Amino acid sequence: MIMFQHTHPILPKMAALSEHWADFFSQLFAPSEFTSALLERSFRQTSGWIEAGIVIALTAAMWWLSEWLLKRCTWKTPAYLGLLKHIGKRILWPVLMWISAIIALSAWNFTGFSSVWLRLLLLAANWMIAIRITLAVFHAALPAKPWSDRLERTLSAVLWVFFLLWISGIDDIIINWMKSLTFSVGSSKLSLWSISTGTLWIGIILIFAMWLARFLQNRLMANTRLDLSLRIMLSNIVRVVLVVLSVLIALPLVGIDLTVLSVFGGALGVGIGFGLQKVASNYISGFLILGDRSIRPGDRLTVNNFTGYVTKITSRFVVLRSPAGPEALIPNETFITDMVINESYTAKALQQNLNIQVSYDSDIARAMEIMIEAASRQERIDTGENPPKAYLIGFGSDGIDLRLGFWVKDPENGFLGLFSAILLEIWQRFNEEGISFPFPQREVRILNEAPILPDQAKLSAAAKQAAADTRSHEPMAEEGGQDAV
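At position 85 of the sequence shown (counting the first as 1) the number is 85 in the UniProt record's numbering, and the numbers step up by one without a gap.
In structure tokens form, the structure reads like this:
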């Protein structure tokens, strides 16, 4: 049996084309002689100016297209995919630039001119994608603080400086110099370059661990089936475990032996035993109060004559906010060693009283009914298991003392506005029912064994007036005599 092998004429062309595209993609990330090409070729040739204009036009067009897509497209994603949505929005513009740069570069190669600006645009788009993904994860890992935004902008500037050093070729000189600076730590030999790369890797792994910890914390806090204190405790444990694991994983990656940490571990133990004793005690106390659920966010506490609501529980202190606004940072150790009054340990509602006085000629039974009705009309007052009640507590010098007792369902919203609404309602109802409020009254009596008659009183007043007039004329007479002499 004779077999004929026939080679289709298109196969060599396809092989050559595949080699061409392989070379093309292999040079996408090569920064060779960019600086010299920009200086010697682009600005001396008309094609260089045309290519630069194309790059500027592509950059502006892709920016406009990305903004248009972001305005027209509404992405509805679950909450746990918020980071991916944020990354997608951030990298849309550089991805469009990258695609347009590849298309334009492939078309430009058919003209026969060397490409410089388009390759630079491609490299810049690649670098921008990497930077924006890094900063998005960095932003998600850090808490929402003003300093985190400044740190994010600083990191972005540093990464772009690295990009400029890379395309200019100066990075090789700096790297060789950093590798030449070496020193020994125990049995490990380190250089400035290894320390820098190790710090970078540790930072990357820490950022990833912090982002993962924050993601898990959000998932735990959203689980309403668990107690709030338990959720906070588990979140703190997850964060600490992930940070420790990230450090233990990052150090061997950069060539640092973990036995080196034994020296620092001993020093850290001595420091905790002496200088950091209170810090360690507060840290452990934080886990204890979260574990036994004695203090929870939203509880009303009184600590050292300061009353407030728990707004935050950290690993070192508890934040108490008073109804007036001031906040107190109470160390966690205080809740273990000192007496703490928790007014909402078993129930959130708090009992409050209002004292009211009515006149003796008022209808006391009706007044007490009006007080109960005025309190029951307020939505914040419990009218179910603990309805408002009125009591007669005493007979004062000016009127009858009554007391209105009630339970407030949401004490964290304050009491002043509630008291004002109840008293205003009682005032209006008392006026309608003819119930009067007493005011201080005093009856003055002058007691004397020999009462003074009206005529005697007039004679006594005239005598006192004459005596006063006589005393007032005596100095004037003396002055007149001296003038005569």
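Backbone N, C-alpha and C fix where the C-beta goes; we use that ideal spot for every residue, glycine too.
Source: prediction; values computed, not measured.
Candidates the options: closest to residue i by CA position
i           : options                        : result
ILE284      : ALA328, VAL247, ILE237         : ILE237
ASP382      : LEU65, LEU418, ALA209          : LEU418
LEU122      : PHE183, ALA136, LEU58, ARG72   : LEU58
PRO297      : ASN304, VAL279, PHE317, ALA280 : PHE317
ILE129      : PHE138, LEU118, ARG90          : ARG90
VAL408      : ALA101, GLU425, PRO387         : PRO387
ALA365      : ALA324, ASP401, PRO326, ASN342 : ASP401
PHE162      : MET97, TRP127, SER47           : TRP127
ASN176      : SER194, LEU164, TRP160         : SER194
LEU288      : VAL319, THR311, ILE336         : ILE336
VAL95       : TRP108, ALA124, THR314         : ALA124
residue 489 : ASN223, GLY198, SER180         : Since the first residue of the chain shown is 1 and the last is 485, residue 489 is not available in this structure.
ARG132      : GLU152, PRO326, ARG231         : GLU152
LEU120      : THR111, MET97, ALA136          : MET97
VAL241      : ALA104, ASN223, MET210         : MET210
LEU392      : GLY399, ARG403, SER322         : ARG403
GLY203      : THR134, VAL303, LEU164, MET233 : THR134
ILE341      : VAL303, VAL158, ILE54, LEU84   : VAL303
THR111      : GLU51, ARG72, ILE87            : GLU51
ILE103      : ALA136, VAL55, LEU84, HIS86    : VAL55
SER47       : LEU84, TRP108, ILE87           : TRP108
PRO438      : GLY399, LEU447, ASN431         : GLY399
MET339      : PHE306, SER115, GLU327         : PHE306
GLY414      : ILE372, VAL444, MET221, ALA349 : ALA349
Cβ neighbour criterion (16 or more within 10 Å) applied to residue i
i           : result
TRP68       : exposed
ASP361      : exposed
TRP64       : exposed
residue 490 : With the chain running from 1 to 485 in the structure shown, residue 490 is simply not present.
PHE395      : exposed
ILE205      : buried
ASN282      : buried
ALA484      : Note that ALA484 scores a pLDDT of 37, beneath 50, so its modelled location is shaky; the value from the coordinates is reported in the next line. That one is exposed.
SER100      : buried
GLY308      : buried
TRP117      : buried
ILE370      : buried
LEU290      : buried
PHE25       : Because PHE25 carries a pLDDT of 44, less than 50, the predicted location of this residue cannot be relied on, and the following value inherits that uncertainty. PHE25 comes out exposed.
ALA213      : buried
GLU385      : exposed
PHE138      : buried
ALA375      : buried
LYS179      : exposed
PRO411      : buried
LEU329      : exposed
LEU320      : buried
TRP427      : exposed
PHE183      : exposed
ALA30       : Only weak support is given to the placement of ALA30: the predicted model assigns it a pLDDT of 47, under 50, and the question is left unresolved by the model.
ILE207      : buried
PHE430      : buried
MET62       : buried
ILE170      : exposed
ILE446      : exposed
residue 491 : The shown model of the chain, from 1 to 485, leaves out residue 491, and the question about it has no answer.
Residue i - partner residues in DSSP beta bridges
i      : result
VAL319 : LYS312, LEU329
ASP401 : GLN357, GLY394
SER191 : THR182
VAL279 : BP columns for VAL279 are empty, so no partner.
VAL408 : LEU350, ILE381
LEU301 : GLY308, ASN342
LYS389 : GLY405
Rounded distance between the beta-carbons of residue j and residue i, thought under 8 Å
i      : j      : result
LEU423 : LEU354 : 7 Å
MET368 : ALA347 : So it is not a contact: roughly 26 Å between Cβ atoms.
SER246 : ASP299 : Between ASP299 and SER246 the Cβ distance is about 34 Å, and since that is not below 8 Å, they are no contact.
ARG377 : GLU433 : The Cβ separation is near 16 Å, so there is no contact.
LEU181 : SER191 : 6 Å
GLN351 : GLY405 : 7 Å
ASN223 : ARG231 : 7 Å
LEU105 : SER66  : Rounded, the Cβ-Cβ distance is 20 Å, inconsistent with contact.
SER359 : SER420 : Going by Cβ atoms, the distance from SER359 to SER420 rounds to 23 Å, so no, they are not a contact pair.
VAL310 : ILE295 : 6 Å
ILE87  : ALA136 : 5 Å
GLY286 : SER322 : At roughly 22 Å, the Cβ-Cβ gap does not stay under 8 Å, so GLY286 and SER322 are not in contact.
LEU220 : LEU234 : 6 Å
Cβ of residue i within 8 Å of any chain E Cβ
i      : result
VAL310 : No chain E appears in the structure shown, which is made up of a single protein chain.
task = May I have a chain-ordered list of the beta strand (DSSP E) segments no shorter than 3 residues that lie completely inside the segment 74 to 139?
result = Along the segment 74 to 139, the beta strand (DSSP E) does not occur as any fully enclosed run of 3 or more residues.
inquiry  = For a minimum of 4 consecutive residues, which ranges assigned as the alpha helix (DSSP H) are wholly contained in the segment 196 to 257?
reply    = For the segment 196 to 257, whole alpha helix (DSSP H) runs of length 4 or above, ordered along the chain, are 228 to 253.
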